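Heads up: the structure comes next, in structure tokens.
Number of protein chains: 2
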Amino acid sequence: MYYSKMLLPTLKETPAEAETVSHQLLLRAGMIRKLTSGIYDYLPLGLMVLRKVEAIVREEMNCAGAQELLLPAVQPAELWQESGRWQIYGKELLRFQDRHDRDYCFGPTHEEVITDLVRREVHSYRQLPLNLYQIQTKFRDEIRPRFGLIRGREFIMKDGYSFDIDEAGADQTYRAMYDAYTRIFSRCGLRFKTVEADSGPIGGSFSHEFMVLAETGEDVVVSCTACAYAANLEKAEILPTESSLPVEPLLPLEKVHTPGVRSVSEVADFLQTTPDRVLKTMIYQTDEGAVAVLLRGDHEVNEVKLKNFLQVSELFLAPEEVIRQETNAAVGFAGPVGLNLPIYADYGLGSAVNLVAGANENDYHIINVNFDRDLVVKGFADLRQASNSDPCPRCGAALEFLRGIEVGHVFKLGYKYSKALKATFLDDQGREQYMFMGCYGIGVSRIVAAAIEQNHDLDGIIFPMPLAPFQVLLVPIAANDVDTMAVASRLYQEIRAAGIEVLFDDRNERPGIKFKDGDLLGIPVRVVLGPKTLAQGAAEVRQRRSRAVQLIPLASLVAYLQDHIQAEMIRPT
Amino acid sequence: MYYSKMLLPTLKETPAEAETVSHQLLLRAGMIRKLTSGIYDYLPLGLMVLRKVEAIVREEMNCAGAQELLLPAVQPAELWQESGRWQIYGKELLRFQDRHDRDYCFGPTHEEVITDLVRREVHSYRQLPLNLYQIQTKFRDEIRPRFGLIRGREFIMKDGYSFDIDEAGADQTYRAMYDAYTRIFSRCGLRFKTVEADSGPIGGSFSHEFMVLAETGEDVVVSCTACAYAANLEKAEILPTESSLPVEPLLPLEKVHTPGVRSVSEVADFLQTTPDRVLKTMIYQTDEGAVAVLLRGDHEVNEVKLKNFLQVSELFLAPEEVIRQETNAAVGFAGPVGLNLPIYADYGLGSAVNLVAGANENDYHIINVNFDRDLVVKGFADLRQASNSDPCPRCGAALEFLRGIEVGHVFKLGYKYSKALKATFLDDQGREQYMFMGCYGIGVSRIVAAAIEQNHDLDGIIFPMPLAPFQVLLVPIAANDVDTMAVASRLYQEIRAAGIEVLFDDRNERPGIKFKDGDLLGIPVRVVLGPKTLAQGAAEVRQRRSRAVQLIPLASLVAYLQDHIQAEMIRPT
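Line by line, the protein sequences are chains A and B. So the first sequence is residues 1 to 573, counted in this note's numbering. So the second sequence is residues 574 to 1146, counted in this note's numbering.
Below, the structure written as structure tokens:
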């Protein structure tokens, strides 16, 4: 490709709209442009990288026995009503009506559509297992689209769905997909971690996420420093532990005046105690009504765990007016004693006694609050977030916390959709059985961003070879020198003819501008030609990542490039 | 690919929902399934063919200097308001609102989005010309989706847009695209005709359509039997001709009783004259009010010409109640004399005199109606459809009429969008100029259907080699014979290793079923292995199209297949 002909609008300045490195560099390198909130144009360079990711995904999926198909973006409401998700999916589901006022949505995921297809076409165990996938544009109407391609509204996803005769078969398929995903992310040149994950609104019994480790990640990965345990913070288990507080006799309840003292640390300071002796009372609203959750003052609620425990589909912190109404007091003075709400408590409270809590009265707290005697709890559970001080739930060693970007997610779905949509088959005994399903997603466009989050420096992107839009950047530095340009043009044709993807910077620009753009674009290998190197019958070859420079004789340049590219293409066994 | 593993649900019976051959065969061969009206799942076999078309399109577009990008499916209303199409596009534009109640549409075409991108990124003549394209899922909310992939609502299109500094440049780009399209459709193995076309709601000054000739085509192609002239019937010009009627003195108007006589032929019979002496009066409604159109009784209105002539965006035949109100008579008795509507007349009426017309009174007509004396016409124009009796507008020879399926359309757009969206650049004199645009569409999913319309027989599809999902079907006919299966498996691996796309029918089915399915799927070459051929060290090779059968020694089979496939890949120069 000739640089001068390409729509490749690089930017010198960092656009103000972009918060994360990948978003900034995707814009600066002319790979994407924003059309509107969370919706992007992929320019030629951006599309090339996207296609590289797609090709790797496709190869490994096919290799793992999955078959590609393509389902519609526009889906009829009836199928979503059948699965029950039309009601519960919320505003992220983009809904609309056609000219005949029939209801549809823009598919954010395709469990319903694929299950509908399979229930119509598959009737016998002989046709199973089936593993089907597509690479397609999806839409989720995110409330806060952000970070460019990391959390857009319109995005490209590989979504796959498997149908097995039973759970044992599904486990094999799950494993095959897990392995395929490991190969895919390795081949993309990503540093990633596989973690146990919450299954969220997709449902299902079991799931793993593939996290690209990057400081800008929205997710927190909790992993053990000793064993193989790793989980999304949302999911990270905490074992019920004995309270570390001293065993004391129960003291009588007492109301104390705490004017303007609201936060846990303020209360602990004011009452000369420690935060772990303060009972934190959080009031949540759910689609099944309000609830109160109690935790140790130094712990934080894990809303995902709480939501799963309560089995509700909506859950959010109660707004101020609800808190006032339920507690008759301002925010900061809620407590469980006398509170007329279902109360749940976190395991972390253990056997703690004589705790401090809000009095449900402005400017007052109660001391010496004790379970059973002073309040009734509907249940104890693991409701909080793991923290630095928690041990690994598997082996007890210390945990570490890293940030990650979710690029893949595999789910063991079970019968959720096959039962809802009645996807059955006849087994080898002629009995009707539900299919056992799995589903497997990869954020194709998100991988492009994640790769940049992991691979960049102050000058720009450093593409791993397998994802690079071009493998080689060819830069003649004396655009006015006829000899240099003649050699460069010939070399360009030779490099192309060898099957190497090369961008020829034929622009009549100063070397500094060409080098700056080249570093920004992140093409792994740069070949510079100028009168000086030509006088030596050589070209200067520079590695974008290491910045190492070598002079390579023109006669062996193409062979050198071929070998080098070959060596940098990651091929896991 | 192993047949037994593939989601390939063939049907013995022709589905009742399918009217055309391609729709029937796409369903029967397990290539597509209907999700809902005009929206289809592409099953693995269907997607393979789609990808073959895409690859040919991509190769030829890139070769012609176009660059691929990818624009969003979801487009903000603001851009369509800027171009003015938000108001005029009608119900085919699928509109919706996001969670913040902002207006969007599912892009049926991308003139606005691409012009918006280019106006933001291109500012100098040095950056032009630019020719950008994408292959993408579109949605048009057709009032009557039909014929499967031929007129669906969700479909896959290649849409390209060019930006030139002036019309001369745009003409070169147009020509390059015209040539690329010719290569694309040739390489797909389609018999097609390029015709002059109406520009429709896209706008622009000049356009050509690429029509695949097939009896089931929705379009009519008019072409000259002598010269190169060819046009869509919608567009086919008719020159103003002298009336062939005898010159007569004008006779006095006279009202005659014609009880129950309504149609042109009834009137002609009843009054013992010929249809060409009957004045047909058609009343149309438009967004600018009702109009009357006069033609010779034996001619038909061309609504596209009428719409363009009147420069209205909506036009349809007036319903009965409007006709009653405007004429004070039942349908069949409308006439221009005393009619209080703008009246336009077709050139075909020429200098005709003493015509018969409706009297605007039930059961009455008027004879000896004459222009100027009895009625005032606002304008004469070419408003009718060409017919068998019309001569070629270029050379005067006879015309022929064929049916076609539009698979490509190239438009010289001009300044319509660049002016509306202010897409300007500075020319080499530093003056601000509007970009001159073109746009170029290919119905990628429609090509799959069109290819089947042209290439099938009673047994099923006959894929042209370049579009075939598999090039070779390998059929062992004694699935229980260990030797046959061993040789077949080995051969399967050898054929695959040679880079040939092969479907291995490893099913434990009778030969008759395998052959029937194979003919239905349309794979160009079938290789049959059985104990009898193996005894001769050979396989039976059959061409799907010619049904010619040959025995080929196993030792030279792979080489034979390679040569044969190579010969059938169409490579226009």
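Glycine included, C-beta positions come from ideal geometry on N, C-alpha and C. None of the values given here were measured: they were computed from a predicted structure.
*If you draw a straight line from the alpha carbon of residue 1096/B to that of residue 761/B, how long is it in whole angstroms?*
Counting from 1 along the second sequence, the entry for residue 1096/B is found at position 523. Counting from 1 along the second sequence, the entry for residue 761/B is found at position 188. Their backbone Cα atoms lie some 15 Å apart in a straight line.
_Could you compute how far the alpha carbon of residue 1147/B sits from the alpha carbon of residue 18/A?_
Residue 1147/B lies beyond the stretch modelled for chain B, which goes from 574 to 1146, so this question has no answer here.
*Check distances from the C-beta atoms of the segment 146-176 of chain A to those of chain B and list, in chain order, the residues that come in under 7 Å.*
154
_Three-way DSSP call (helix, strand, coil) for residue 962/B in this model_ = Walking along the second sequence from the start, residue 962/B turns up at place 389. It is coil, neither helix nor strand.
*At a Cβ threshold of 9 Å, is residue 626/B touching chain A?*
Residue 626/B sits at position 53 when you count from the first residue of the second sequence. Residue 626/B does not count as touching chain A.
_residue 667/B versus 747/B, 1017/B, 715/B, 1098/B, residue with shortest Cα-Cα distance_ = In the second sequence, the residue the question calls residue 667/B occupies position 94. The candidate whose alpha carbon is nearest that of residue 667/B is 715/B.
*From residue 177/A to residue 125/A, what distance separates their C-alpha atoms?*
As a first step, residue 177/A is located in the first sequence; it is residue number 177 there, counting from the start. As a first step, residue 125/A is located in the first sequence; it is residue number 125 there, counting from the start. If you take the alpha carbons of residue 177/A and residue 125/A, they lie about 21 Å apart.
*Assign residue 579/B to one of three DSSP states: helix, strand, or coil.*
Here residue 579/B corresponds to residue number 6 of the second sequence, with the count starting at 1. Residue 579/B falls in the coil class under three-state DSSP.
*asked:* Nearest by alpha-carbon distance to residue 228/A: which of 24/A, 395/A, 127/A, 429/A is it?
replied: Position 228 of the first sequence, counting from 1, holds the residue named residue 228/A. With distances taken between Cα atoms, residue 228/A lies closest to 395/A.
*Give a yes or no on contact between the segment 330-339 of chain A and the segment 348-367 of chain A, applying the rule of three or more CB pairs nearer than 8 Å.*
yes
*Apart from the five residues just before and just after residue 461/A, which ones in its own chain have a Cβ nearer than 8 Å to its Cβ?*
For this step, residue 461/A is matched to residue 461 along the first sequence. Once the five neighbours on either side are set aside, the close Cβ partners of residue 461/A are 25, 29, 452, 455, 520, 521, 522.
*Going along the segment 59-88 of chain A in order, which residues come within less than 9 Å of chain B, judged by CB to CB distance?*
65, 67, 68, 69, 70, 71, 72, 73, 74, 75, 76, 78, 79
*Does the Cβ-Cβ distance between residue 929/B and residue 844/B come in under 9 Å?*
Residue 929/B sits at position 356 when you count from the first residue of the second sequence. Residue 844/B sits at position 271 when you count from the first residue of the second sequence. A contact, by the Cβ cut-off of 9 Å.
*Proximity of residue 113/A and residue 469/A at Cβ, strictly below 9 Å*: In the first sequence, the residue the question calls residue 113/A occupies position 113. In the first sequence, the residue the question calls residue 469/A occupies position 469. Contact: no.
*Should residue 140/A be labelled buried (16 or more other beta-carbon atoms within 10 Å of its own) or exposed?*
In the first sequence, the residue the question calls residue 140/A occupies position 140. Per the 10 Å Cβ criterion, buried.
*Taking 9 Å as the CB-CB cut-off, is residue 57/A touching chain B?*
Looking up residue 57/A in the first sequence gives position 57. Not an interface residue.
*asked:* Can you tell me whether residue 257/A is helix, strand or coil according to DSSP?
replied: As a first step, residue 257/A is located in the first sequence; it is residue number 257 there, counting from the start. Correct three-state label for residue 257/A: strand.
_residue 654/B, enclosing alpha helix (DSSP H) - first and last residue_ = In the second sequence, residue 654/B corresponds to position 81, counting from 1. It spans 650-656 - the alpha helix (DSSP H) in which residue 654/B sits, taken as one unbroken run.
*Which value, in whole angstroms, describes the spacing of the CA atoms of residue 476/A and residue 1023/B?*
Translated into positions along the first sequence, residue 476/A becomes position 476. Translated into positions along the second sequence, residue 1023/B becomes position 450. C-alpha separation (whole angstroms): 48 Å.
*Of the residues 403/A, 504/A, 507/A, which one's Cα is nearest the Cα of residue 217/A?*
One-based indexing of the first sequence puts residue 217/A at position 217. When only C-alpha atoms are compared, the closest one is 403/A.
_Residues of the segment 682-695 of chain B whose Cβ lies closer than 9 Å to any Cβ of chain A, in chain order_ = 686, 687, 689, 690, 691, 693, 694, 695
_Reduced DSSP category for residue 586/A - H, G, I as helix; E, B as strand; rest coil_ = Since the displayed chain A opens at 1 and closes at 573, residue 586/A lies outside it and no answer follows.
_Just to make sure I have the definition right: I need the residues of chain B whose C-beta is within less than 9 Å of the C-beta of residue 7/A. Which are they?_
Working through the first sequence from its first residue, we reach residue 7/A at position 7. What residue 7/A touches in chain B: 640, 642, 690, 691, 694, 695, 700, 703, 705.
*Just mark residue 1077/B as buried or exposed, buried being the case when its beta carbon has 16 or more other beta carbons within 10 Å.*
Your numbering for residue 1077/B matches position 504 in the second sequence. Residue 1077/B should be labelled buried.
_residue 290/A: first and last residue of the uninterrupted beta strand (DSSP E) it sits in_ = Sequence index remark: in the first sequence, residue 290/A carries index 290 (1-based). Note, residue 290/A: beta strand (DSSP E), 289-296.
*asked:* Taking 9 Å as the threshold (C-beta atoms), are residue 883/B and residue 874/B in contact?
replied: Position 301 of the second sequence, counted from the start, is the residue given in the question as residue 874/B. Position 310 of the second sequence, counted from the start, is the residue given in the question as residue 883/B. The answer is no: Cβ separation not under 9 Å.
*DSSP three-state assignment for residue 602/B, whether helix, strand or coil*: Looking up residue 602/B in the second sequence gives position 29. Residue 602/B falls in the coil class under three-state DSSP.
*At a Cβ threshold of 9 Å, is residue 977/B touching chain A?*
Here residue 977/B refers to the residue found at position 404 when the second sequence is read from its first residue. So no, residue 977/B is outside the interface.
_Using DSSP's beta-bridge definition, name the partner residues of residue 100/A._
Within the first sequence, residue 100/A is the residue found at index 100, counting from 1. DSSP lists no partner for residue 100/A.
_Of the listed residues 1018/B, 1098/B, 580/B, 1072/B, nearest to residue 1121/B (C-alpha basis)_ = The residue given as residue 1121/B occupies position 548 in the second sequence. Residue 1121/B has its Cα closest to that of 1098/B, out of 1018/B, 1098/B, 580/B, 1072/B.
*Which residues bound the alpha helix (DSSP H) around residue 1088/B?*
In the second sequence, the residue the question calls residue 1088/B occupies position 515. Unbroken alpha helix (DSSP H) run through residue 1088/B: 1084-1094.
*chain B contact residues for residue 36/A, given Cβ-Cβ distances below 7 Å*: Working through the first sequence from its first residue, we reach residue 36/A at position 36. Simply 649.
*At least one CB of chain B closer than 9 Å to the CB of residue 14/A: is that the case?*
If you number the first sequence from 1, residue 14/A lands on position 14. No, no contact with chain B.
*asked:* Suppose you measure from the CA of residue 345/A to the CA of residue 422/A; what does that come to, to the nearest Å?
replied: Taking the first residue of the first sequence as 1, we reach residue 345/A at position 345. Taking the first residue of the first sequence as 1, we reach residue 422/A at position 422. Taking the straight line from one Cα to the other gives about 39 Å.
_Just verifying my parser: in three-state terms, what is the DSSP assignment at residue 208/A?_
Reading the first sequence from its first residue, position 208 is the one you call residue 208/A. In this structure, residue 208/A counts as strand in the three-state DSSP scheme.
_Measuring only the C-alpha atoms, how far is residue 36/A from residue 116/A?_
Here residue 36/A refers to the residue found at position 36 when the first sequence is read from its first residue. Here residue 116/A refers to the residue found at position 116 when the first sequence is read from its first residue. Their backbone Cα atoms lie some 33 Å apart in a straight line.
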